[in-house]
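*Asks:* In the order they appear, the protein sequences are chains A and B. Position 48, counted from 1, in the first sequence is what the working numbering calls 46; the numbers after and before it change by one each time, with no gaps. If you want the working numbering, it's the 1-based position in the second sequence plus 2. Cβ atoms here follow ideal geometry from the backbone N, Cα and C, with glycine treated the same way.
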Amino acid sequence: AQSVTQLGSHVSVSEGALVLLRCNYSSSVPPYLFWYVQYPNQGLQLLLKYTTGATLVKGINGFEAEYKKSEPSFHLTKPSAHMSDAAEYFCAVSVRGNQFYFGTGTSLTVIP
Amino acid sequence: DTGVSQNPRHKITKRGQNVTFRCDPISEHNRLYWYRQTLGQGPEFLTYFQNEAQLEKSRLLSDRFSAERPKGSFSTLEIQRTEQGDSAMYLCASSLASSGELQETQYFGPGTRLLVL
């Protein structure tokens, strides 16, 4: 069975500070991993994904995530937070190429 | 590319009524997915289509729920005899599945927010 745990339903950072959103998962087979962002009243937008190869994945808007099989985790980071990063972030895992399992989300607040 | 569109964006109905939502995927996409998202939760998979064939359904999809994609383009999700517990955001996503890509990207629509009174 697959599951996704996002630690911290709410994260606040100061503008310009490091953003770290945590995602741990369990999977019986090697997974595909994703981070999506959701702005108010909008659909989910893909930030980045890991399928195979390099474990450090770079996405849009300066975000990146590292796949660590040993933990297992897929934490999302950004070196310097911007006000426009305030949104809900979802980690997701897929093991059969179609069905996605999402975490409960982390709401990111950026303090000016 | 106009993206995935969903209609209506909001629906308020009384318990026991039937409702139908529509999803128009990105035109060349062959896969279409339905998810349900309740407050404070991530999206939960309901069902998906490859072209017009419904290939998988979640246990969350009770017999009051039915989805169709008759011509392999737009899809409808119908809920019969709605219950208050059906209140949620219903999200649609589409993707282009090809043999050369390990995991296709799912593109999401803005969702339909359902409130059952």
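What residues in its chain sit with their C-beta under 6 Å from that of S1/A, if we drop five residues either side in the sequence?
*Replies:* By 1-based counting over the first sequence, the position of residue 1/A is 3. Answer for S1/A: S24, listed in chain order.
*Asks:* Using CA atoms only, rank isn't needed, just tell me which of T75/A, T53/A, T50/A is closest to G60/A.
*Replies:* As a position in the first sequence, residue 60/A is number 62, starting the count at 1. When each option's Cα is compared against that of G60/A, the closest is T75/A.
*Asks:* Compare the Cα-Cα distances from D88/B to each of G5/B, N9/B, Q8/B, N20/B and report the closest residue.
*Replies:* Residue numbering aside, residue 88/B sits at position 86 when the second sequence is read from its first letter. Nearest option by C-alpha distance: N20/B.
*Asks:* Name the chain A residues that come within less than 9 Å of T40/B, Cβ to Cβ?
*Replies:* Within the second sequence, numbered from 1, the residue matching residue 40/B stands at position 38. Neighbours of T40/B on chain A: none; closest Cβ ~10 Å, over 9 Å.
*Asks:* Could you name the residues of the same chain whose beta carbon sits closer than 7 Å to that of R66/B, not counting the 5 residues immediately before and after it, in chain order?
*Replies:* Your numbering for residue 66/B matches position 64 in the second sequence. The answer, listed in chain order, is I81, Q82, R83.
*Asks:* Can you give me the Cβ contacts of L119/B inside the same chain, cut-off strictly under 6 Å, excluding the 5 residues immediately before and after it?
*Replies:* Along the second sequence, one-based indexing puts residue 119/B at 117. Once the five neighbours on either side are set aside, the close Cβ partners of L119/B are K16.
*Asks:* Assess, as a yes-or-no matter, whether the stretch 56 to 74 of chain B is touched by the stretch 68 to 87 of chain A under the definition of 3 or more beta carbon pairs within less than 8 Å.
*Replies:* No, because fewer than three Cβ pairs between the stretch 68 to 87 of chain A and the stretch 56 to 74 of chain B fall closer than 8 Å, the two stretches do not touch.
*Asks:* To be precise: take each residue of the stretch 6 to 27 of chain B, compare its Cβ to all Cβ atoms of chain A, and keep it if any distance is under 9 Å. Which residues remain?
*Replies:* Residues passing the 9 Å Cβ filter: V6, Q8, R11.
*Asks:* Taking just the CA atoms, how far does L41/B sit from E69/A?
*Replies:* Locating residue 69/A in the first sequence gives position 71, counting from the first residue. Locating residue 41/B in the second sequence gives position 39, counting from the first residue. The alpha-carbon atoms of E69/A and L41/B are separated by roughly 29 Å.
*Asks:* Near P29/A, which residues of its chain fall below 6 Å by C-beta distance, leaving aside the five closest residues on each side in sequence?
*Replies:* In the first sequence, residue 29/A corresponds to position 31, counting from 1. So the qualifying residues of the chain are V91, V93.
*Asks:* On the criterion of 16 or more Cβ atoms from any shown chain inside 10 Å, does S100/B qualify as buried, or is it exposed?
*Replies:* Taking the second sequence and counting its residues from 1, the one referred to as residue 100/B is at position 98. Exposed, because fewer than 16 other Cβ atoms sit within 10 Å of the Cβ of S100/B.
*Asks:* State yes or no: is the C-beta of Y109/B within less than 7 Å of the C-beta of F23/B?
*Replies:* Along the second sequence, read from residue 1 onward, the residue named residue 109/B stands at position 107. Along the second sequence, read from residue 1 onward, the residue named residue 23/B stands at position 21. No.
*Asks:* To which residues does DSSP link C21/A through a beta bridge?
*Replies:* As a working note, residue 21/A is residue 23 in the first sequence. Answer by DSSP bridge pairing: none, since C21/A is not bridged.
*Asks:* Would you mind reading off the limits of the beta strand (DSSP E) that contains T107/A?
*Replies:* As a working note, residue 107/A is residue 109 in the first sequence. From DSSP, the beta strand (DSSP E) with T107/A extends over 104 to 109.
*Asks:* In chain order, what residues of the same chain lie with their CB nearer than 7 Å to the CB of N53/B, ignoring the 5 residues before and after it?
*Replies:* For the purposes of this step, residue 53/B is taken as the residue at position 51 of the second sequence. Excluding sequence neighbours, N53/B sits near N32, G74.
*Asks:* Using the three-state DSSP reduction, which class does S97/B fall into: helix, strand or coil?
*Replies:* Residue numbering aside, residue 97/B sits at position 95 when the second sequence is read from its first letter. Strand at S97/B.
*Asks:* Between F100/A and G18/B, what straight-line distance do the alpha-carbon atoms span, to the nearest angstrom?
*Replies:* To locate residue 100/A, count along the first sequence from 1; it is residue 102. To locate residue 18/B, count along the second sequence from 1; it is residue 16. So the two alpha carbons sit approximately 30 Å from each other.
*Asks:* Please check if any C-beta of chain A sits within less than 7 Å of the C-beta of F67/B.
*Replies:* In the second sequence, the residue the question calls residue 67/B occupies position 65. Chain A, which has no Cβ nearer than 7 Å to the Cβ of F67/B, makes this no.
*Asks:* If the cut is a Cβ gap below 8 Å, which residues of chain A does P72/B touch?
*Replies:* Within the second sequence, the letter at position 70 stands for residue 72/B. Residues of chain A passing the Cβ test: none, with the nearest at roughly 20 Å.
*Asks:* Would you say Q40/A reaches chain B, if we count a Cβ-Cβ gap shorter than 7 Å as a contact?
*Replies:* Along the first sequence, one-based indexing puts residue 40/A at 42. Interface residue, yes.
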